[in-house]
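Everything on this sheet refers to the single structure shown next.
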Amino acid sequence: MREPSSGGVVAPEAVAADTIAAVFEDVFTAVAPLEAIVARVLAPGPGRVRDDQLGLEDAVASLLADPTVLASGAGFVATPDVLADHALWLEWWTIDPQDRSRPPERVNPRAAPDGTTTFDYTRSPWFVVPRDTGARHVTGPYVDYFCTAGYAVTATVPVTIDGTFVGVVGADVSIAEVEQRLAELLEPVATPAALVNASGRVLAAVGLDLVTGDLVRDAPPPASWADDPASGPWRAVARCGTLPLAVLVRGAG
Numbered sequence: 081m082r083e084p085s086s087g088g089v090v091a092p093e094a095v096a097a098d099t100i101a102a103v104f105e106d107v108f109t110a111v112a113p114l115e116a117i118v119a120r121v122l123a124p125g126p127g128r129v130r131d132d133q134l135g136l137e138d139a140v141a142s143l144l145a146d147p148t149v150l151a152s153g154a155g156f157v158a159t160p161d162v163l164a165d166h167a168l169w170l171e172w173w174t175i176d177p178q179d180r181s182r183p184p185e186r187v188n189p190r191a192a193p194d195g196t197t198t199f200d201y202t203r204s205p206w207f208v209v210p211r212d213t214g215a216r217h218v219t220g221p222y223v224d225y226f227c228t229a230g231y232a233v234t235a236t237v238p239v240t241i242d243g244t245f246v247g248v249v250g251a252d253v254s255i256a257e258v259e260q261r262l263a264e265l266l267e268p269v270a271t272p273a274a275l276v277n278a279s280g281r282v283l284a285a286v287g288l289d290l291v292t293g294d295l296v297r298d299a300p301p302p303a304s305w306a307d308d309p310a311s312g313p314w315r316a317v318a319r320c321g322t323l324p325l326a327v328l329v330r331g332a333g
């Protein structure tokens, strides 16, 4: 949590940013058991384990059945050739967040969004950023044609074994489910505000003519978020923890 200002008050946009960060922290906490399972099962080394030995289904089902976790999909995505029987492999399940009593549905790992038989996810940001940085990441909002067929954000964590990257575990968060909650968390700011990602894409907004997926072209660059630089029409910026998300507050006039 942030330290109060010299006046002893934490700015409302900072409170909103911290609360939003906590929502996504809950998602990262929920996928931690998946990371542990993958690391244990793949410990023998690349090319020594088959896909049917991963054993993630029960853990994913438990995660997706939990109404306190804002996840509409979850699973593991392997780095190329880490499994013995597939060059690429996606072990992922989805659920209707409006009816968590139904069992999750397995995503076909061999069907790509464009109708081909191979989904080359190795260029997707939710895979590339954790692989290249060694850090967890939140990607989106984007249209998830492959898994949720709607606007989503995807939280992913790199899985490494003895320093070697073997893939990512993560969860999809449906914007349709989380947008209202994010907007409610922005309400205490009491002035027009938007929650954006590092590219300036909107996840939620209040008091502004913006909808999910809109691009805020004058959004301050992420490199300046920590310093809260007032620039252009934005009078304040509050980063959501260490995530690539920030609350922007519109200035008066």
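Residue 81 is where the sequence shown starts when you use the numbering used here, and the numbers rise one by one after that. The beta-carbon is built from N, C-alpha and C at its ideal position, and this holds for glycine as well.
Distance CB(residue i)-CB(residue j) smaller than 9 Å
i	j	result
Ile255	Ala232	yes
Val276	Leu265	no
Val208	Val162	no
Trp173	Glu137	yes
Cys320	Ala97	yes
Val248	Phe156	yes
Pro272	Gly287	yes
Pro183	Ala141	yes
Asp200	Leu168	yes
Ala318	Glu93	yes
Thr244	Pro210	no
Pro324	Val218	yes
Asp106	Leu150	yes
Gly214	Thr240	yes
Ile175	Leu144	yes
Buried/exposed call for residue i, threshold 16 Cβ in 10 Å
i	result
Pro177	buried
Glu267	exposed
Ala158	buried
Leu295	exposed
Asp132	exposed
Gly250	buried
Ser152	buried
Pro238	buried
Val291	exposed
Thr234	buried
Pro147	exposed
Thr109	exposed
Gly189	The identity of residue 189 in the sequence shown is Pro, whereas the question assumes Gly. Counting Cβ neighbours within 10 Å, Pro189 comes out buried, since at least 16 surround it.
Pro124	exposed
Arg203	exposed
Ala270	exposed
Arg186	exposed
Arg216	buried
Check: residue i C-beta below 8 Å from any heavy atom of the ligand HEM
i	result
Tyr225	The ligand content of the structure shown is nil, which means the ligand HEM is not present either.
Chain C contact for residue i (CB, 9 Å cutoff)
i	result
Pro160	Of the protein chains in this structure there is only one, and it is not chain C.
Simplified DSSP state of residue i, which is helix, strand or coil
i	result
Pro129	Correcting the residue identity first, residue 129 is Val in this sequence and not Pro. DSSP places Val129 in coil when its eight states are reduced to three.
Leu325	strand
Pro268	helix
Pro221	strand
Ala139	helix
Ile202	Looking at the sequence itself, residue 202 is Thr, so the reference to Ile does not match. If DSSP states are grouped into helix, strand and coil, Thr202 belongs with the helices.
Pro302	helix
Ala167	coil
Leu134	coil
Ala263	helix
Val317	strand
Val258	helix
Gly331	coil
Unbroken alpha helix (DSSP H) run spanning residue i, endpoints
i	result
Asp146	First-last for Asp146: undefined, no H or E at that position.
Leu114	Pro92 to Val121
Start-to-end residues for the beta strand (DSSP E) that takes in residue i
i	result
Thr213	Note, Thr213: premise wrong, no beta strand (DSSP E); alpha helix (DSSP H) at Pro205 to Thr213.
Ile241	Gly230 to Ile241
Asp252	Thr244 to Ser254
Phe156	Gly153 to Ala158
Ala278	Ala278 -> no beta strand (DSSP E), and no H or E assigned at all.
Quiz item: Does the count of Cβ pairs from the stretch 110–121 and the stretch 295–307 closer than 8 Å reach three?
Solution: no
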